[in-house]
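Structure first, commentary second.
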Amino acid sequence: METMLAVEKLGKSFKDKQIIKNISFDVRKGEIMAILGPNGAGKSTTIRNIMGIMYPDEGSISFQNSNGKDIPRHKIGYLPEERGLYKNVKVMDILLYLADLKDYPLDQAKERALTYLKKFDLEGKEKVSVEELSKGMGQKVQFIASIIHEPELLILDEPFSGLDPVSQELFKEEIRSLAENGTAILLSSHQMNLVEEMADRLFMIHHGQKVIYGSMDDVKTQYANFKCTIRGKNNRTDLEHITDVQRVEQTDDISTLYLSKNVEPSIWLKNLPDHLSIQELAIDRVSLHEIFIDIATDKNLLQEAGEVHA
Ligand SMILES: Nc1ncnc2c1ncn2[C@@H]1O[C@H](COP(=O)(O)OP(=O)(O)OP(=O)(O)O)[C@@H](O)[C@H]1O
Numbered sequence: 001m002e003t004m005l006a007v008e009k010l011g012k013s014f015k016d017k018q019i020i021k022n023i024s025f026d027v028r029k030g031e032i033m034a035i036l037g038p039n040g041a042g043k044s045t046t047i048r049n050i051m052g053i054m055y056p057d058e059g060s061i062s063f064q065n066s067n068g069k070d071i072p073r074h075k076i077g078y079l080p081e082e083r084g085l086y087k088n089v090k091v092m093d094i095l096l097y098l099a100d101l102k103d104y105p106l107d108q109a110k111e112r113a114l115t116y117l118k119k120f121d122l123e124g125k126e127k128v129s130v131e132e133l134s135k136g137m138g139q140k141v142q143f144i145a146s147i148i149h150e151p152e153l154l155i156l157d158e159p160f161s162g163l164d165p166v167s168q169e170l171f172k173e174e175i176r177s178l179a180e181n182g183t184a185i186l187l188s189s190h191q192m193n194l195v196e197e198m199a200d201r202l203f204m205i206h207h208g209q210k211v212i213y214g215s216m217d218d219v220k221t222q223y224a225n226f227k228c229t230i231r232g233k234n235n236r237t238d239l240e241h242i243t244d245v246q247r248v249e250q251t252d253d254i255s256t257l258y259l260s261k262n263v264e265p266s267i268w269l270k271n272l273p274d275h276l277s278i279q280e281l282a283i284d285r286v287s288l289h290e291i292f293i294d295i296a297t298d299k300n301l302l303q304e305a306g307e308v309h310a
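Residue 1 is where the sequence shown starts when you use UniProt numbering, and the numbers rise one by one after that.
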């Protein structure tokens with residue numbers, strides 16, 4: 001897949017504090033690349049450097065064949081973390097104004113605006129001023145503004161925050177369809193279930209440094225140990241003493257046993273003690289949400305973590 005955006009050895013400090021340290025990743029045509037990390041990890045700072053809102057102290061950012069200040073930013077769409085459109089401007093006027101800023105033909109922009117307003121249940125709101133919209137409606141308009149000019153790279157900083165489940169589905173479908181049609185997408189989100197469903201690859205940073213970089217499948221294979229959920233009345237200490245059980249969570253008669261790395265579930269199951277009460281049993285890989293928490297809270301993992309096949 002063709003590389004659209006390449007971030008190489010990016011470094012950024014504020015005053016004396018280095019916020020971003022030597023990070024490199026790329027975003028390819030037609031893929032959804034997730035950028036993840038705990039609060040304050042440096043995601044928005046990375047995105048602001050890509051958008052030219054600020055410039056890196058070290059390293060480089062290139063888009064197609066352009067670098068730094070020469071990047072044709074009209075080919076990029078951006079939904080910033082901090083929302084805010086001009087409040088007393090009508091919906092259609094703001095969409096056309098923003099399309100015009102990106103040198104996009106106005107007749108096409110109007111057609112696209114009407115199509116998207118309809119798609120996002122905002123038909124008939126063209127002449128309503130932005131301040132009269134609900135928060136979710138405003139977010140939909142801002143999302144439309146970020147894609148009105150058919151960008152080749154779309155950067156979405158927390159696109160799902162504040163959306164109801166129906167609107168989340170609409171955004172999800174639209175983001176997927178944009179990627180299927182060739183748009184390169186850089187997605188920053190704390191909603192791990194959505195990232196797990198949507199992203200092809202992910203890049204996770206912690207304290208401004210890379211901790212994971214790779215395809216979703218490779219990351220899950222490398223970091224997602226198995227967990228075994230058992231329904232039955234069992235003593236927690238007995239469960240904790242089973243070989244290769246790292247940790248046990250228990251709620252009423254449901255126990256979740258988190259297994260060590262490299263455990264082969266079919267072999268592990270054969271060695272379960274006979275006296276366990278098992279009414280139901282399921283084995284799954286842990287979710288991206290759990291991988292995120294492990295990495296964000298485990299100093300050892302943080303040191304071990306590195307690149308898997310990107
Ligand atoms: N303009 C600035 N001046 C000084 N420090 C800043 C500035 N912008 C960000 N920071 C600091 O840089 C660090 C990274 O912030 P950033 O907003 O990039 O994190 P984030 O990963 O996007 O976090 P969140 O998930 O909370 O949005 C934080 O410690 C923040 O306080």
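Using N, Cα and C, we set each Cβ at its ideal position, and we do this for glycine too.
Could you check if residue i is buried or exposed, using at least 16 other CB atoms within 10 Å of its CB as the buried criterion?
{"i": "Gly214", "result": "buried"}
{"i": "Asp26", "result": "buried"}
{"i": "Ile94", "result": "buried"}
{"i": "Asn115", "result": "As written in the sequence, residue 115 is Thr, which differs from the Asn given in the question. By the neighbour-count rule (16 or more Cβ atoms within 10 Å), Thr115 is not buried but exposed."}
{"i": "Leu96", "result": "buried"}
{"i": "Met54", "result": "exposed"}
{"i": "Ile264", "result": "One point to set straight first is that residue 264 is Glu, not Ile, in the sequence displayed. Answer is exposed; the Cβ neighbour count stays below 16."}
{"i": "Ile20", "result": "buried"}
{"i": "Tyr223", "result": "buried"}
{"i": "Ser189", "result": "buried"}
{"i": "Leu159", "result": "The sequence shown places Pro at residue 159, rather than the Leu named in the question. Buried, because 16 or more other Cβ atoms sit within 10 Å of the Cβ of Pro159."}
{"i": "Ile254", "result": "exposed"}
{"i": "Thr221", "result": "exposed"}
What residues in its chain sit with their C-beta under 7 Å from that of residue i, if we drop five residues either side in the sequence?
{"i": "Gly37", "result": "Lys43, Met204, Ile205 and His206"}
{"i": "Asp252", "result": "none"}
{"i": "Gln64", "result": "Met4"}
{"i": "Trp268", "result": "Asp244 and Leu259"}
Could you name the residues that DSSP lists as bridge partners for residue i?
{"i": "Phe226", "result": "Arg285"}
{"i": "Thr251", "result": "Ile254"}
{"i": "His206", "result": "Gln209"}
{"i": "Asp103", "result": "Its beta-bridge partners do not exist; DSSP assigns none."}
{"i": "Asn67", "result": "Ser62"}
{"i": "residue 315", "result": "Absent from the structure is residue 315, since the part of the chain shown begins at 1 and ends at 310."}
{"i": "Glu122", "result": "The sequence shown places Leu at residue 122, not Glu. According to DSSP, Leu122 bridges with nothing at all."}
Excluding five sequence neighbours on each side, which residues of the same chain lie with their C-beta closer than 6 Å to the C-beta of residue i?
{"i": "Ala310", "result": "Since pLDDT at Ala310 reaches only 45, below the 50 mark, its modelled position is unreliable, and no value is offered."}
{"i": "Glu280", "result": "Arg231"}
{"i": "Asn271", "result": "none"}
{"i": "Met33", "result": "Val27, Leu186 and Arg201"}
{"i": "Met198", "result": "Ile32"}
Quick one, are the C-beta atoms of residue i and residue j less than 7 Å apart?
{"i": "Glu196", "j": "Leu117", "result": "no"}
{"i": "Ile147", "j": "Leu186", "result": "no"}
{"i": "Gly136", "j": "Leu163", "result": "yes"}
{"i": "Ser13", "j": "Asp57", "result": "yes"}
{"i": "Lys227", "j": "Val286", "result": "yes"}
{"i": "Leu98", "j": "Ala145", "result": "yes"}
{"i": "Leu153", "j": "Ala109", "result": "no"}
Compare the C-beta of residue i with all C-beta atoms of chain D and state if any pair is closer than 7 Å.
{"i": "His74", "result": "In the displayed structure, chain D is absent; only one protein chain is listed."}
Just list the alpha helix (DSSP H) runs in the stretch 140-181, keeping only unbroken ones of 4 residues or longer that don't cross its boundaries, in chain order.
Within the stretch 140-181, the complete alpha helix (DSSP H) runs of at least 4 residues are 165-180.
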